[in-house]
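Chains as they are written, first to last, in numbering that gives the first Met the number 0: chain A, 0 to 269; chain B, 0 to 269; chain C, 0 to 269. The structure appears below as structure tokens.
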Amino acid sequence: MLKTCLENVRAGCPLVHSITNYVTVNDCANVLLAAGASPIMSDDAGEVEEITALCRATVLNIGTLNERTIQSMLLAGQKANALAHPVVLDPVGAGASALRTSTCRLLLREIKFNVIRGNISEIKALALGSGSTQGVDAALADQITDANLAEAVAYIRAFSRQTGAIIAVSGAIDVVSDADRSYIIKNGHPAMSKITGSGCMLSALVAAYLAANPANPLEAAAAAFVLMGLAGEKAAAVSAGTGSFRTNLLDAVSTITAEDLKAGAKIVEF
Amino acid sequence: MLKTCLENVRAGCPLVHSITNYVTVNDCANVLLAAGASPIMSDDAGEVEEITALCRATVLNIGTLNERTIQSMLLAGQKANALAHPVVLDPVGAGASALRTSTCRLLLREIKFNVIRGNISEIKALALGSGSTQGVDAALADQITDANLAEAVAYIRAFSRQTGAIIAVSGAIDVVSDADRSYIIKNGHPAMSKITGSGCMLSALVAAYLAANPANPLEAAAAAFVLMGLAGEKAAAVSAGTGSFRTNLLDAVSTITAEDLKAGAKIVEF
Amino acid sequence: MLKTCLENVRAGCPLVHSITNYVTVNDCANVLLAAGASPIMSDDAGEVEEITALCRATVLNIGTLNERTIQSMLLAGQKANALAHPVVLDPVGAGASALRTSTCRLLLREIKFNVIRGNISEIKALALGSGSTQGVDAALADQITDANLAEAVAYIRAFSRQTGAIIAVSGAIDVVSDADRSYIIKNGHPAMSKITGSGCMLSALVAAYLAANPANPLEAAAAAFVLMGLAGEKAAAVSAGTGSFRTNLLDAVSTITAEDLKAGAKIVEF
């Protein structure tokens, strides 16, 4: 299934529309191209519906939210819903400000998301309407470990049931789950948290994988997580610091084959 | 002539003003520096005329168009016209939305462009007021091949006659043409389409080359295309994936000499 | 002291809020992570005060100024002042337009800056309300040399006395000075001026170093300059062009140890 998911992206070259932050937007475009998909970024309310309609998936990322783009996100997300295109929410820094938290609530109310991809702090902020956010990283107290895994999965499934979305939580241990089934993924490397954009790129990949694998969204999202984590492992093995790690991460995404993905996956169903 | 064009950029270090998209803006700044030019980006209507006046060329790139920057583009373009500075239009995604197409028409009506640099789909969208755009890439049916080259050149010359601009079309085969004379360039590498920004960077280089070679704009634009294509070839030969390709592309632009450019050029007058 | 400054950043992992330009924002985020700090970028007036309050330092960078973000800068800077968090001004291109100069004056009037970090042209533009700016680089006539060093230091100290800020001037010779004491730093490499973002990244590092070393702000700012300059030297020694230089610069920032910093520093008190 992992192999098929990757092959479908490379064969189908899905065009993905991202309304995203200007910190990591270039990385998001490049990771989509590296994976075999195609990016388009547009955020003006006057065109986002048309751009969404041209694409096969949409990502809404609130990393550098502003009043102008909130409206654009609503329009794009609702258009994607109308067309039954997958929509991914990346609630960057949810909980860090009232604006971020209230915008997430607004988006969750007005748009049906197929996947919500964040760290556990962000997911908790959405679920609880509270939670502390240390910049864009998960607070230490909120990390998923082998010890609290069962509790975390139960929490995540409950939020999936509430939202109807696959909840895809990245961290040292990843959990990709719908209301009933969960994948636990242990690919990845700590170096991924020493560059900006690991999370944003992962959300973009999830959108591309969903677009190309519409019949198996949970497996598609999990495959995107395995790909990103495996790329992080491969990049870390050949990097001399954080600059080359970023470069090598894109190299790895662009060269990992379906066979590599299967061979390197550290994934179990929970 | 190619050699002189490159040497004039490195000797003159032209300052180039770009109103451009936030996806590839960093790449555009870095490619200008790599080529020996100097970048400045500014997009607020309150200052763009002054910034344009400080510079020797202006690029208007509609990649992430919004209502605020359209007004800034008009002001900057008209100021550049008044000062007889070269102005380059990069109609990213023209045809993908009504906003993009109508904005291009507005810009073409209000500003005299020296060069319009796009892929053939974008150029067709401008010329016909129609055309399909697959994200930022030329649709397959619209690619210029040896078989349809004569037809393509005739089409491009007609659009040049209509607009008064040099039409610079990038693809597997590039065409850089005014109403009477055309250069066909076969430098480049498919890897260039697997990173974001190849086209945007090329538009920035065209502006720098025009600024430094005011007596020979057609040759200057063609030289910028040869430089970018040759850099793509050199980068592809030493890259391990799309991440390192992007890095190596900038390395190549920064190290290609006038001799290299002449020796590596695959250019003919048509 | 240099060693302690670096160690305090790595141990304390200060979260830094940047309201900055979209040209180099990704580089700024990555250099903060490379140095052991943590970045957050936000620029909407509706949330910047909350984000500032979460952080331990704030950077205001006017590189791609617009009316919307000026208001956000005022709110963030005043909030940082109220919380006694360090605030760094990067007056990119001050003097290049009336908007940039008047905005700097407004920010200087309404916010107490701990450090103003620019090239000598920008600092002169702030000090004199005049000055010519060649894009983002110091005009040649304005460079600090051994011959004019005493004069430059006197000028910089006077501006420090006037503003109450540490004035941190980057160039071939750096001067980091308050009204009474000055450090002269000769680390660095000309390649740093051939990529975009060297200055912006340095301003971000200064903010992180001040946050982690509140008792010694002058030494902290100087240490950030030594780190950036030393990283430039190390990167230049192993780079094949401007693309790899940028990558290697981040590698160097991420791997330079406290011992390296002390051993490689070219710093004297003036």
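For glycine and all other residues, C-beta sits at the position ideal for the given N, C-alpha and C. Predicted model, so just to flag it, every value in this text is computed and none were measured.
Asked	Found
Buried or exposed (CB count within 10 angstroms, at least 16 for buried), residue 268 of chain C	exposed
Proximity test, Cβ basis, 9 Å: residue 205 of chain B and chain A	no
Residues that residue 299 of chain C contacts on chain A, provided the C-beta gap is smaller than 9 Å	As displayed, chain C neither begins before 0 nor continues past 269, which places residue 299 of chain C out of reach and without an answer.
Buried versus exposed call for residue 13 of chain B [16 or more other C-beta atoms within 10 Å across all chains shown]	buried
Limits of the alpha helix (DSSP H) - the one that residue 216 of chain B falls within	216 to 236
Residue 84 of chain C versus residue 57 of chain C - alpha carbon distance	7 Å
Per DSSP, the bridge partner or partners of residue 270 of chain A	One cannot answer for residue 270 of chain A here, as it falls past the ends of chain A, which runs 0 to 269.
Residues that residue 265 of chain C contacts on chain B, provided the C-beta gap is smaller than 9 Å	Going along chain B, no residue has its Cβ under 9 Å from residue 265 of chain C, so there is no contact; the nearest lies around 25 Å.
9 Å Cβ cutoff, residue 25 of chain C in contact with chain D	No chain D is part of this structure, whose protein chains are labelled A, B and C.
Per-residue burial, residue 151 of chain B [other beta carbons within 10 Å of its own, 16 or more giving buried]	buried
Run of the alpha helix (DSSP H) containing residue 97 of chain A, from where it starts to where it stops	97 to 109
Interfacial residues, the segment 193 to 225 of chain B to chain C, with Cβ spacing under 9 Å	none
Endpoints, alpha helix (DSSP H) assigned at residue 201 of chain A	197 to 211
Of the listed residues A:48, A:30, A:24 and A:241, nearest to residue 60 of chain A (C-alpha basis)	A:24
Other residues of its chain near residue 126 of chain C: CB distance less than 6 Å, five sequence neighbours each side excluded	158
Proximal residues to residue 63 of chain C (C-beta, below 8 Å), its chain only, five neighbours per side dropped	20, 21 and 22
Runs of beta strand (DSSP E) wholly within the segment 161 to 185 of chain B (minimum 3 residues, chain order)	165 to 169, 173 to 176 and 181 to 184
Min CB distance residue 20 of chain B to chain A below 9 Å	yes
DSSP beta-bridge partners of residue 116 of chain A	A:167
Backbone secondary structure at residue 138 of chain C - three-state DSSP	With a pLDDT of 42 at residue 138 of chain C, under the threshold of 50, the modelled position of this residue cannot be trusted, and the question is left open.
Sub-9 Å separation of residue 226 of chain B and residue 5 of chain B beta-carbons	yes
Selected residue, minimal CA-CA separation from residue 67 of chain C, among C:18, C:266 and C:34	C:18
Cβ-based contacts, 8 Å cut-off: residues of the segment 227 to 254 of chain B near chain C	245, 246, 247, 248, 249, 250, 251, 252, 253 and 254
Neighbourhood of residue 30 of chain C by C-beta distance below 7 Å, restricted to the same chain and skipping five residues each side	200, 203, 204, 249 and 252
Listed by chain order, chain A residues near residue 65 of chain C by CB distance under 9 Å	The premise fails here: residue 65 of chain C is roughly 11 Å from chain A at the closest Cβ pair, so nothing lies under 9 Å.
C-beta neighbour in chain B for residue 93 of chain C, strict 9 Å	no
CB contact check: residue 82 of chain C to chain A, cutoff 9 Å	no
Residue 8 of chain A (DSSP reduced to helix, strand or coil)	helix
CA-to-CA distance, residue 87 of chain A to residue 197 of chain A, given in whole angstroms	16 Å
Rounded C-alpha distance that separates residue 77 of chain A from residue 39 of chain A	18 Å
CB contact check: residue 62 of chain A to chain C, cutoff 9 Å	yes
Contacts of residue 40 of chain A in chain B (Cβ-Cβ under 7 Å)	22 and 63
Cβ neighbour criterion (16 or more within 10 Å) applied to residue 229 of chain A	buried
Identity of the residues DSSP links to residue 267 of chain B by a beta bridge	B:183
Proximity test, Cβ basis, 9 Å: residue 259 of chain B and chain C	no
Contact the segment 42 to 54 of chain A vs the segment 178 to 195 of chain A: 3+ CB pairs below 8 Å	no
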